[in-house]
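Trainee: All residue numbers for the sequence shown refer to the working numbering, where the first residue is 186 and numbers rise by one.
For every residue, glycine included, the Cβ atom is placed at its ideal position computed from N, Cα and C.
Okay, here's the structure, questions in a sec.
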Amino acid sequence: MTVGRSVPADVAFVQSALGKLLSSVRAEGSASHRSIADYLMRNPMRGAALKIEEMAEGCQVSTATISRFARDIGFPNYAGMRSALAETLHMAMQPVEKLRTSIAHRRAAVVAGDASMEQAKANLSAAHDAQSQQVLDQVARMISGARTVYVLGLGMSSCFSSMLALHLQPFCQHVVDMAGAGGNEVAAGHLVHIGRGDVLVAMSFPRYASDVVRFAQFARNHKACVVSITDTPSAPMVPLSDHVLYAGSAHGVLPSSYVATVAVIEALVTSLMVSNKSNVRKAARLNEVIADYMVQPPV
């Protein structure tokens, strides 16, 4: 990780040893164990505070199952697992608390606009750390070679799915922007023809739209490659995805911030454009096509 950049606490928790262990159980464990691991990854702070009866109720399993889960992942009992959760959370929160304290010391009151800008910078930094060029290149190759690229975002995310679709159109064989007039029904209609050789790029941010998850599952069932652009490793789209690009969306007021989303989209499109010499010719053709519609600079 790059020195000097902070990672959001939820990402730091998932990247911890305990977070990776829970992620592994969520992917490969029994049905009851997957349910408990998923609950803890989504609610680690609550997990560190709940009594075993409350945890069992939240996970809809028995207390005996909770105890067995704790032992199976290496703890002597539920209390030991809860202590480990609390310690891991404390370590994950330290960088955030340092940042919060430094801001408080710098100025007694942070106005809302400045706080939003600070969060945007933190999200951009986290997105930069979360993406490797290797992953961007892998996703770019998948998109470049796809028979059809389906781009999906619902609600606010629809603006950014349209942005990505417009960027991809000159360089891909066929691009479908699923979010249009008609809403989810039209999006579902587009997926009728999805199959092997196609790619679905799905954007999913809080508040997570359940239909995005449902459409992604449909795409997987029909052998399409699924790429998600989402905020954290515990987001609901991650288990359904062949490749994941992370764009932190934390914000003090808004449900989600999309500053990092735009940056990740631009990084992906840039990686795609420079991945193949033929894209130079495609870009030149695009300029020819749109030249008559552009405002010419004064002579």
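For Leu206, which residues from the same chain have a beta carbon less than 8 Å from its beta carbon, with the 5 sequence-adjacent residues on both sides left out?
Mentor: Ile258 and Gly259
Trainee: For Phe490, tell me which candidate among Ala435, Ser419 and Ala364 has the shortest Cα-Cα distance.
Mentor: Because the chain here runs from 186 to 484, residue 490 falls outside it and cannot be looked at.
Trainee: Counting only runs of 4+ residues fully inside the stretch 404–437, write out the alpha helix (DSSP H) ranges in chain order.
Mentor: none
Trainee: Could you name the residues of the same chain whose beta carbon sits closer than 6 Å to that of His436, not counting the 5 residues immediately before and after it, in chain order?
Mentor: Gln304 and Ser442
Trainee: Could you give the first and the last residue of the continuous alpha helix (DSSP H) run that contains Tyr443?
Mentor: No alpha helix (DSSP H) holds Tyr443; DSSP gives it neither H nor E.
Trainee: Suppose only complete runs of 4+ residues qualify. What are the alpha helix (DSSP H) ranges in the stretch 196–255, listed by chain order?
Mentor: 202–213, 216–227, 229–232 and 237–244
Trainee: If you follow the beta strand (DSSP E) that Leu385 is part of, which residue opens it and which one closes it?
Mentor: It spans Val384 to Ser389 - the beta strand (DSSP E) in which Leu385 sits, taken as one unbroken run.
Trainee: Among Glu451, Asn406, Ala249 and Tyr224, which residue has its Cα nearest to the Cα of Leu351?
Mentor: Glu451
Trainee: Please name the residue, chosen from Gly204, Val377, Ser426 and Pro421, that lies closest to Arg392 on a Cα-to-Cα basis.
Mentor: Pro421
Trainee: Count the other C-beta atoms from every protein chain shown that fall within 10 angstroms of the C-beta of Gln318, then say buried if there are 16 or more, exposed otherwise.
Mentor: exposed
Trainee: Let me check one thing: in DSSP terms, what residues is Asp362 bridge-paired to?
Mentor: Looking at the DSSP assignment, Asp362 forms a beta bridge with Val336.
Trainee: Would the beta-carbon of Leu385 fall within 8 Å of that of Ala404?
Mentor: yes
Trainee: When the distance is taken between beta carbons, is Val411 closer than 8 Å to Asp396?
Mentor: no
Trainee: Give me, in chain order, the residues of the same chain whose beta-carbon lies closer than 7 Å to that of Ala233; leave out the 5 immediate sequence neighbours on both sides.
Mentor: Arg267, Leu270, Ala271 and Leu274
Trainee: With distance defined between alpha-carbon atoms, name the residue in Ser217, Gly214 and Tyr224 nearest to Val199.
Mentor: Tyr224
Trainee: Alpha carbon to alpha carbon, how far is Asn262 from Ala387?
Mentor: Distance between the alpha carbons of Asn262 and Ala387: 39 Å.
Trainee: Here's the rule: buried if 16 or more other CB atoms are within 10 angstroms of the residue's CB, otherwise exposed. What is Ala294?
Mentor: Because Ala294 carries a pLDDT of 49, less than 50, the predicted location of this residue cannot be relied on, and no value is offered for it.
Trainee: When the distance is taken between beta carbons, is Arg332 closer than 8 Å to Gln354?
Mentor: no
Trainee: Considering only the alpha carbon of each residue, which of Leu376, Leu439 and Gly368 lies closest to Ser301?
Mentor: Leu439
Trainee: Near Gln402, what residues of its chain come up, given a Cβ to Cβ distance below 8 Å and the 5 sequence neighbours on each side ignored?
Mentor: Leu425
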